[in-house]
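**Student:** I am attaching a structure below and will ask some questions about it afterwards.
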Amino acid sequence: MLDGCVARPQEEIDRYRAAGYWTGEPLGAALRRWAATHRDRTALVGEGRRISYAGLDSWADRLAAGLRGLGIGPGDRVVVQLPNAPDFVAVCFGLFRLGAVPVFSLPAHRSYEVRHLCELSGAVAHVVPGSQRGFDHVRMSVALRKEVPSLRHTLVVGEPRPGTPGDVVLLDGLTGHPGKAYAPDPTDAAFFLLSGGTTALPKLIPRTHDDYGYQIRATAEVCGLGPQTVYLAVLPVEFNFTWGCPGILGTLHAGGTVVFAPDPSPDTCFPLIAAERVTLTSVVPTIAHLWMGGNEHARHDLSSLALLQIGSAKLHRHVAEQVRPVLGCALQQVFGMAEGLLTMTRRDDPDDVVLATQGRPVSPADEIRVADPVTGERAEPGEVGELVTRGPYTLRGYYRAPEHNRTAFTDDGFFRSGDLVRLTARGDLVVEGRVKDVVIRGGDKVSATELEGHLTRHPRVAQAAVVAVPDPALGEAICACVMPDGDPPGMPELRRMLRESGVADFKLPDLLEIYDAFPLTGLGKVDKKALAADAAGRRAARGEENH
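Residue 1 is where the sequence shown starts when you use this note's numbering, and the numbers rise one by one after that.
Shown next as structure tokens:
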């Protein structure tokens, strides 16, 4: 096992193998099997290229041979920072076949974040695009090699900019001699995902060949994927939702086709849906709202789109209700985490379940508890508490984070998610917010997610985000940040609506800020840390520090 990873108890490993959840097949071998079955079918579409399953298999072999020639081998960590394109898949599978371990990094990351990932993982190489949206990733990587002792190689996909330093390696021309196939321990780390918080540098989440192989099979089955599936990768490919929920890997497992969207705008995605007859895609609520606004959807043939997965953040019911009337497809709510557990609504669930819950776990072996976040005691049925979970694809520990692991896991191996949830009578999960996504106003804890749901019911509120702003009298004041639909509503109007909805006075916003757009994280979520700082700055600029 890779040093720094946390081993599972042998009893757990034996149980998951006996149940058939873990098959022992490495991900690199899975591609070989998919290629043998679907040889000439189209696997990947992007950047004007169409790659067959056999072509992807051969591409991964060529990359593995070339990377081996550079001295990259089993257990080596390689930071992969690429945009949505077929190259990302080929590079990852080339590394899998070497036994090397990709460390996913978002294209939006800059030297601060990438240095952290390289240092924490001990990366030996960094894979970057030759050019991407005006930023020079190559120069950043070359500079980082002078700062991170383990980092030996900058590997470039595509043509680098003129004047690029000569000590970089172009992957397109990389050659080498095929070596002996490496057979990794299927319980060891296949790759590292990143934790999704916005308040600190990300932690590394080791996902194993066994656990992720099971995840993509289970989610592909829940979603009914098959050779007819055409999946549009809209969110960053490094995102767990895009990579394997069922996403790219689940689609390849089913023999379908993956189409890559370079950005999530309707101007980009709707023509791709129409041209490639896309049947499935996955987005966050902010993108769903963007797609359903305006009339762009009416100008394209979206009739092939059968299922829209929405997850990663709270989807309010009145937004969920618009999906079928506006886009003409079924909605699937998804709750998940890069650390493991996934819940999904099912295609045959009643409307109330699809519109108002995040569904049930994808595996019968997923164990869920709802606990008091302070005492750890089990919450009563229907009560809100922290979700703690354990299962065949949920991690047992973050990489090289022993201190954090001591508080993030219970003594019996359950992961403390930090999500506030409740379970319905039939066992569906309803996400109510985050343990830390609260405003402590004068000692009262106010759920930001709950208040956002009320605010977005106003007809002239397109989106809302609630953040805490420092206040000398209250400790924290409740700031409602609103993106309006038409004329912005005023504070008296919003407070009146909230009171009429039965919201307690202590939960009413103290401040209102109007925005044309919210700052977003690289994963498309509202960046509440940046938003809170901006709102506080606006208040200070107006001389309103005193409540």
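No residue lacks a Cβ here, since even glycine has one placed at the ideal position from N, Cα and C.
#1: Relative to the C-alpha of residue 315, which residue among 332, 307 and 303 is closest?
#2: Check whether the region 55–69 touches the region 273–288, taking contact to mean three or more Cβ pairs, one atom from each stretch, closer than 8 Å.
#3: Are the beta-carbon atoms of residue 109 and residue 524 separated by less than 9 Å?
#4: If we ignore side chains and look at the alpha-carbon of each, how far apart do residue 261 and residue 228 end up?
#5: Measuring CA to CA, which of 56, 149, 340 and 173 is closest to residue 89?
#6: On a Cα-Cα basis, can you pick out the residue from 209, 264, 362 and 235 that is closest to residue 95?
#7: Tell me which same chain residues have a C-beta within less than 6 Å of the C-beta of residue 85, skipping the five on either side of it?
#8: First and last residue of the alpha helix (DSSP H) that includes residue 95?
#9: So residue 52 packs on residue 40, CB below 8 Å; how close in whole Å?
#10: Applying the 10 Å Cβ sphere with the 16-neighbour rule, what's the burial state of residue 240?
#11: Less than 9 Å between the C-beta atoms of residue 477 and residue 516, yes or no?
#12: Give every residue of the same chain whose Cβ lies closer than 6 Å to the Cβ of residue 175, excluding the five residues on either side of it in the sequence, and list them in chain order.
#13: In chain order, which beta strand (DSSP E) runs of at least 3 residues are fully inside the region 245–303?
#14: Taking 8 Å as the threshold, find out whether the region 215–225 comes into contact with the region 361–376 through three or more Cβ pairs.
#15: One question on the structure: do residue 352 and residue 392 come within less than 9 Å of each other, judged by their Cβ atoms?
#16: I think residue 491 touches residue 462, with their Cβ atoms under 8 Å apart; what is that distance to the nearest whole Å?
#17: Does DSSP put residue 223 in a helix, a strand or coil?
#18: Determine the contact status of residue 127 and residue 155, defining contact as a CB-CB distance below 9 Å.
#19: So, does the CB of residue 392 fall closer than 9 Å to a CB anywhere in chain B?
#20: Buried or exposed for residue 78, going by 16 or more other Cβ atoms inside 10 Å?
#21: Going by the CB atoms, is the gap between residue 129 and residue 157 shorter than 9 Å?
#22: What's the C-alpha gap between residue 313 and residue 541?
#23: Going by alpha carbons, who is nearest to residue 458 out of 486, 272 and 435?
#24: Could you tell me whether the region 396–416 touches the region 201–216, using the rule of 3 or more Cβ pairs below 8 Å?
#25: Pull up the DSSP beta-bridge partners for residue 499, would you.
#26: Are the CB atoms of residue 83 and residue 133 within a distance shorter than 9 Å?
#27: Tell whether a beta-carbon distance below 9 Å holds between residue 453 and residue 434.
#28: Do residue 121 and residue 103 count as a contact pair if the criterion is CB distance below 9 Å?
#29: Over the uninterrupted alpha helix (DSSP H) stretch that includes residue 445, give me the two end residues.
#30: From 324, 326, 307 and 295, pick the residue whose C-alpha is nearest to that of residue 334; which is it?
#31: Note the first and the last residue of the continuous alpha helix (DSSP H) segment covering residue 109.
#32: Closest to residue 304 by C-alpha separation, out of 330, 285, 317 and 290, would be which residue?
#33: Under 8 Å Cβ to Cβ from residue 519, same chain only, skipping five residues before and after it: list those, please.
#34: Here's a check: name, in chain order, each residue in its chain whose Cβ is nearer than 6 Å to the Cβ of residue 152, leaving out the five neighbours to either side.
**Tutor:** According to the structure data:
#1: Locating residue 315 in the sequence shown gives position 315, counting from the first residue. It is 332.
#2: In short, these stretches do not touch, since the Cβ pair count stays below three.
#3: Start at 1 with the first residue of the sequence shown, and residue 109 comes out as number 109. Start at 1 with the first residue of the sequence shown, and residue 524 comes out as number 524. No, they are not a contact pair.
#4: Position 261 of the sequence shown holds residue 261. Position 228 of the sequence shown holds residue 228. Using only the alpha carbons, I get a separation of about 19 Å.
#5: The residue you call residue 89 lines up with position 89 of the sequence shown. Considering only alpha carbons, the answer is 56.
#6: Position 95 of the sequence shown, counting from 1, holds the residue named residue 95. The shortest Cα separation from residue 95 among 209, 264, 362 and 235 belongs to 209.
#7: For the purposes of this step, residue 85 is taken as the residue at position 85 of the sequence shown. Closer than 6 Å at the Cβ level, and outside the excluded window around residue 85, lie 46, 47 and 260.
#8: Looking up residue 95 in the sequence shown gives position 95. Start and end: 86–98.
#9: The residue labelled residue 52 in the question sits at position 52 within the sequence shown. The residue labelled residue 40 in the question sits at position 40 within the sequence shown. With a contact defined as Cβ atoms closer than 8 Å, residue 52 and residue 40 qualify at about 5 Å.
#10: Along the sequence shown, read from residue 1 onward, the residue named residue 240 stands at position 240. It is buried - the Cβ of residue 240 has at least 16 other Cβ atoms within 10 Å.
#11: Indexing the sequence shown from 1 puts residue 477 at position 477. Indexing the sequence shown from 1 puts residue 516 at position 516. No.
#12: For the purposes of this step, residue 175 is taken as the residue at position 175 of the sequence shown. If we look at residue 175 and ignore the five residues flanking it on each side, its Cβ neighbours are 66.
#13: 257–260 and 280–283
#14: yes
#15: Here residue 352 is taken as the residue at index 352 of the sequence shown, counted from 1. Here residue 392 is taken as the residue at index 392 of the sequence shown, counted from 1. Not a contact, by the Cβ cut-off of 9 Å.
#16: Walking along the sequence shown from the start, residue 491 turns up at place 491. Walking along the sequence shown from the start, residue 462 turns up at place 462. The beta carbons of residue 491 and residue 462 sit about 17 Å from each other, so the pair does not count as a contact at 8 Å.
#17: For the purposes of this step, residue 223 is identified with residue 223 of the sequence shown, where counting begins at 1. Correct three-state label for residue 223: helix.
#18: One-based indexing of the sequence shown puts residue 127 at position 127. One-based indexing of the sequence shown puts residue 155 at position 155. For residue 127 and residue 155, yes; Cβs fall inside 9 Å.
#19: Included in the structure is just one protein chain, with no chain B present.
#20: Here residue 78 refers to the residue found at position 78 of the sequence shown. It is buried - the Cβ of residue 78 has at least 16 other Cβ atoms within 10 Å.
#21: On the sequence shown, residue 157 is found 157 positions in, with the first residue counted as 1. On the sequence shown, residue 129 is found 129 positions in, with the first residue counted as 1. It is a contact, given that the beta carbons lie within the stated cut-off.
#22: Residue mapping note: residue 313 aligns to position 313 of the sequence shown, counting from 1. Residue mapping note: residue 541 aligns to position 541 of the sequence shown, counting from 1. The straight-line gap from Cα to Cα measures roughly 31 Å.
#23: Reading the sequence shown from its first residue, position 458 is the one you call residue 458. Residue 458 has its Cα closest to that of 486, out of 486, 272 and 435.
#24: For the pair of segments examined, the region 396–416 was found to touch the region 201–216: the number of CB pairs separated by less than 8 Å reaches three.
#25: Residue 499 sits at position 499 when you count from the first residue of the sequence shown. None; residue 499 has no bridge partner.
#26: Walking along the sequence shown from the start, residue 133 turns up at place 133. Walking along the sequence shown from the start, residue 83 turns up at place 83. The answer is yes: Cβ separation under 9 Å.
#27: Locating residue 453 in the sequence shown gives position 453, where the first residue counts as 1. Locating residue 434 in the sequence shown gives position 434, where the first residue counts as 1. Their beta carbons are not under 9 Å apart, which means residue 453 does not touch residue 434 by this criterion.
#28: Here residue 103 refers to the residue found at position 103 of the sequence shown. Here residue 121 refers to the residue found at position 121 of the sequence shown. Their beta carbons are under 9 Å apart, which means residue 103 touches residue 121 by this criterion.
#29: Position 445 of the sequence shown holds residue 445. Secondary structure note for residue 445: it is in no alpha helix (DSSP H), and the uninterrupted beta strand (DSSP E) holding it is 444–447.
#30: For the purposes of this step, residue 334 is taken as the residue at position 334 of the sequence shown. Per the Cα distances, 307.
#31: The residue labelled residue 109 in the question sits at position 109 within the sequence shown. Premise fails: residue 109 is in no alpha helix (DSSP H) and is neither H nor E.
#32: Residue 304 sits at position 304 when you count from the first residue of the sequence shown. Residue 330 is the option with its Cα nearest to residue 304.
#33: Here residue 519 refers to the residue found at position 519 of the sequence shown. Excluding the 5 residues flanking it on each side, residue 519 has same chain C-beta neighbours closer than 8 Å at 526, 527, 530, 531 and 534, in chain order.
#34: Along the sequence shown, read from residue 1 onward, the residue named residue 152 stands at position 152. Excluding residues within five positions, the ones whose Cβ falls inside 6 Å are 124.
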